[in-house]
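Structure, as structure tokens:
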Amino acid sequence: MILGLVSIRISPYLTQRTSFTSMFIHSSNVFIVPTVSSGAIDIGKISYDPSWKSSAFNFKKYVPRAAASFCTESSSYCSLQNNPLLLGAGVFKLPALQSKSPGSLSFTCTNKPSNIWNFWNLHNKHSCSCMSIKAASSHSYENSGSSMSRMEKIDVQNTLFDYLHFTRGLQFTDAEHISKNSPVFIQSLLTKAIDGEKVSRTVSRFLRFNPINEFEPFFESLGLKPSELNVILPNNMIYLSDDDLLIENYHVLCNYGVPRSKIGKMYKEGSKMFRYDYGELSSKLQSYERLGLSKPTIIKLITCCPVLLIGELNMDFLQVVGKLKSLEVELNLIRGCLSDKCVYHWDRILEMLNFLDGMGYNQKNLKTLINQHPIFVFDDSGKKIYILVALLLKLGIEKGDILLLFVQCPRVLTGKFVKNLWQSIHFLVDIGMDVEDIKTIVKTHSHVLGASSSRSPSFVMQSLKLSEDRLQNIIKEDPNQFTYLVTMKKSIVVNLPKVEGTFLREKTDFLLRLGFVENSDEMTRAMKKFRGRGDQLQERFDFIVDIGFECHTAAEMIRSVPSVLNQSIDVLNKKISFLLNDLGYPLEALVAFPTFLCYNFYKIKLRFSMLQWLKENGTMFHIRHKKMVSSTVALSTVLACSDARFFKYFINLHPRGPEEWERLNRSVSLE
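Laid out in structure tokens, this is it:
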């Protein structure tokens with residue numbers, strides 16, 4: 002096999018400098034040689050060595066007249082003076098060989114190139130080619146160290162910020178967001194550090210002589226994974242400032258309130274919106290506002306369904322909105338029903354709403370159903386309701402009874418209920434139960450049948466040593482036993498106690514409203530975590546909603562930290578009032594860290610009083626990887642750490658810190 006040979010003549014002055022070898026750049030898909038003056042690239046031919054396939058990346062410190070080799074096993078790319086030399090997939094080898102010319106060395110690059118060019122470097126232009134470091138984080142040079150401290154990472158982040166903001170001229174907020182939210186890119190820069198030299202100085206020098214592809218950390222900071230970048234990186238640009246429309250439309254979305262971490266998904270699914278001319282994207286956003294949708298709802302819509310911003314207004318979506326308006330449904334309910342992990346087909350949703358109309362659904366009942374449980378409209382784009390209705394009609398249940406079932410038990414329309422109900426009905430048919438008996442159980446205990454998936458009838462009967470008739474009789478006598486019988490959750494299932502009494506029923510109803518599935522394992526665990534009567538839990542939940550949280554946000558907080566509701570309203574009010582009025586934190590801080598409400602008030606007041614004292618005395622501490630004095634610290638940073646870590650990272654930062662801590666401790670204890 003014949004390969005191409007690339008020879009680069011290097012000045013002996015450069016090869017004798019200890020910093021020369023650090024100028025070589027390697028990643029999983031890029032290997033860069035710095036360009037120098039008075040050099041030439043010559044193409045020749047050399048035999049292929051099969052042993053290169055198994056070779057690993059090897060970096061040997063260069064010694065004059067000794068060979069140094071560089072190998073990588075992935076797709077390679079060499080760029081000199083912005084002139085690309087594509088070498089294709091395979092092995093890229095760069096051994097150092099002595100040149101025949103006196104006083105100089107030549108480096109030889111061998112591979113199987115798909116295209117070959119000859120390039121000449123421009124005289125007296127000492128520059129380095131641009132680099133790509135998408136996968137460089139997986140490699141570390143021998144002189145970079147295998148682990149980096151948190152402070153070193155902070156230094157690299159600050160260095161990248163300085164480069165993007167002061168050198169490249171990016172806006173402050175853009176540069177800060179990119180530097181703080183591109184961990185893979187930061188890790189790749191860390192590999193450029195040299196032992197014994199300050200990290201920030203090394204990286205700063207590296208950035209000065211090696212222009213980076215700014216699109217990589219930019220897209221990573223928008224929530225995209227490095228593995229997703231190959232298909233979206235521009236082929237002919239490395240500077241963000243070169244793509245005016247991209248940055249303009251990016252700023253439009255940011256200024257509108259779209260979270261930056263969601264914009265990456267929007268770009269991936271609807272890159273055309275980032276090619277809109279000035280003012281065009283803003284006009285499209287305003288057109289959705291004119292439909293009567295609030296800004297938060299529009300933000301959720303376009304992050305979950307970016308195609309709504311592509312082309313003209315989606316007619317199916319417009320008709321869905323019109324349909325909901327005609328039913329007097331609150332449009333902002335849409336916001337709590339969407340997820341950026343799902344795909345929404347507005348034509349199917351429209352068909353489903355028309356389908357309910359065609360069934361003769363009373364407009365008032367439909368309005369009540371959607372207002373109370375709007376998620377079923379958007380769950381799987383309304384597909385599940387078709388399956389459910391077809392299943393119930395096949396059993397012989399009348400339309401009126403089906404509609405009544407939806408009103409009385411709306412949770413049958415969401416989650417895995419439809420699939421579980423289908424399995425349960427087949428289970429009852431397989432054990433020979435009469436269709437009329439099945440209809441009765443479905444109408445009265447559909448929530449039980451759809452609570453969990455079923456095992457096969459033969460397995461259940463064999464395990465319980467029950468005949469078909471005996472199993473039928475047990476289920477008909479007490480349908481509540483069905484879940485335990487067919488899922489084998491208990492060893493003794495026939496004599497399981499029923500859920501009786503107002504106390505348990507109210508508590509169960511409350512958990513169901515939070516989104517738990519009845520008779521599920523999750524429900525069982527939640528029952529143990531929530532303390533108090535159902536009405537008490539509901540009052541505490543209503544209190545949290547009343548202070549400014551949306552219902553679905555409050556529900557997510559409580560589901561993640563159930564112990565929040567195990568406190569009285571007075572205690573919750575005291576902690577929230579202290580957070581908002583005394584500490585000056587926004588309400589959104591609780592969404593990120595609802596556990597704040599579970600700490601005792603003594604610890605909260607003591608630690609934040611200490612933090613306030615440190616700020617007033619000009620103590621600088623690290624917040625979000627940056628030294629600051631007045632910015633608010635994340636609640637978790639202050640409360641979640643142990644006393645020892647709090648002393649180390651806060652109290653001991655000031656000479657009089659321990660003394661003030663003891664004083665505050667005594668003062669707070671007396672209150």
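Everything in the sequence shown is counted per the numbering used here, starting at 2 for the first residue and increasing by one. Yeah, the Cβ is synthetic: ideal placement off N, Cα and C, and Gly gets one too.
Alpha-carbon spacing of residue i relative to residue j, whole angstroms
i    : j    : result
L665 : L247 : 52 angstroms
S138 : V634 : Legend: pLDDT at S138 = 36, less than 50; position of this residue unreliable, no value from coordinates given.
G585 : F609 : 11 angstroms
K181 : Q158 : 6 angstroms
G533 : E557 : 19 angstroms
F651 : F594 : 20 angstroms
L636 : L612 : 11 angstroms
L588 : S668 : 28 angstroms
A176 : V408 : 52 angstroms
Y603 : I303 : 43 angstroms
S561 : K529 : 14 angstroms
C110 : N211 : Caution applies to C110, whose pLDDT of 39 falls short of 50 and renders its modelled position unreliable; the model cannot decide the point.
K477 : R514 : 28 angstroms
N653 : P659 : 7 angstroms
G224 : K263 : 6 angstroms
E663 : R526 : 41 angstroms
K466 : H427 : 20 angstroms
L309 : K273 : 11 angstroms
P35  : Q172 : Any reading at P35 is ruled out, since the residue's pLDDT is 40, under 50, leaving its predicted position unreliable.
H655 : R646 : 15 angstroms
F162 : Y240 : 15 angstroms
K395 : Q482 : 25 angstroms
G383 : N237 : 43 angstroms
S468 : V449 : 22 angstroms
I442 : I388 : 19 angstroms
F60  : L208 : Low per-residue confidence applies at F60: pLDDT is 33, beneath 50, and the placement is therefore not dependable, though the value from the model is reported in the following sentence. Cα-Cα distance, rounded: 21 angstroms.
C305 : A391 : 29 angstroms
S340 : P307 : 12 angstroms
V64  : E198 : Note on V64: pLDDT 32, under 50, position unreliable in the model; the coordinate value appears next. Straight-line Cα distance between these residues: approximately 21 angstroms.
M434 : R336 : 43 angstroms
T484 : K400 : 27 angstroms
F511 : G549 : 20 angstroms
T1   : V592 : One cannot answer for residue 1 here, as it falls past the ends of the chain, which runs 2 to 672.
From the options, residue whose alpha carbon lies closest to that of residue i
i    : options                   : result
R206 : E215, K193 and T554       : K193
T509 : L486, R471 and Q537       : Q537
L325 : H346, I303 and V378       : V378
D546 : G224, M528 and N574       : The sequence shown places Val at residue 546, rather than the Asp named in the question. The candidate whose alpha carbon is nearest that of V546 is N574.
V232 : V390, G258 and E270       : E270
E217 : E198, H252 and I179       : I179
E617 : L191, L208, R657 and Q287 : R657
K154 : F173, S183 and E540       : S183
F186 : G170, V204 and K649       : V204
G265 : G258, N237, F219 and L282 : F219
R151 : P235, E399 and Q188       : Q188
L671 : V430, K606, L190 and W614 : K606
V330 : N366, G619 and D348       : N366
L351 : H374, G337, N363 and D381 : D381
F460 : D431, G451 and L450       : D431
S457 : Y164, D583 and V487       : V487
N214 : L165, C255 and D644       : L165
V253 : S284, P227 and S228       : S284
P235 : V419, Y268 and L357       : Y268
L640 : G170, T620, L580 and G535 : L580
E313 : L294, L286 and S569       : L286
Nearest-angstrom Cβ-Cβ length linking residue i and residue j, presumed shorter than 8 angstroms
i    : j    : result
D156 : S222 : Between S222 and D156 the Cβ distance is about 18 angstroms, and since that is not below 8 angstroms, they are no contact.
L472 : K444 : That belief does not hold up - the Cβ atoms of L472 and K444 are roughly 21 angstroms apart, past 8 angstroms.
I376 : L328 : Actually they are not in contact, since the Cβ atoms of I376 and L328 sit about 16 angstroms apart, beyond 8 angstroms.
N421 : G451 : 5 angstroms
L332 : T298 : 7 angstroms
Q424 : S455 : 5 angstroms
Minimum Cβ-Cβ distance from residue i to chain C less than 8 angstroms
i    : result
Q613 : Of the chains in the structure shown, none is chain C; there is only one protein chain.
Proximity test, residue i beta-carbon vs the ligand NAD heavy atom, cut-off 7 angstroms
i    : result
L573 : Among the ligands in the structure shown, none appear at all, so the ligand NAD cannot be discussed.
Stretch-stretch touch, CB-based, cutoff 8 angstroms, three pairs: the stretch 317-325 with the stretch 267-285 = no
ask   = Counting Cβ pairs closer than 8 angstroms, one from the stretch 556-567 and one from the stretch 593-609, do we hit at least three?
value = yes
message = In chain order, what are the residue ranges of uninterrupted alpha helix (DSSP H) at least 4 long that sit wholly in the stretch 282-367?
response = 296-305, 316-327 and 347-359
inquiry  = Could you tell me which whole alpha helix (DSSP H) segments of length 4 or greater appear in the stretch 383-450?
reply    = 384-395, 400-409, 418-431 and 436-450
key: Runs of beta strand (DSSP E) wholly within the stretch 582-651 (minimum 3 residues, chain order)   = 622-624 and 627-629
inquiry  = As an exercise, report each continuous beta strand (DSSP E) stretch of at least 3 residues that is fully enclosed by the stretch 233-271, in chain order.
reply    = none
key: Any alpha helix (DSSP H) of 4 or more consecutive residues that is wholly inside the stretch 175-207   = 184-191
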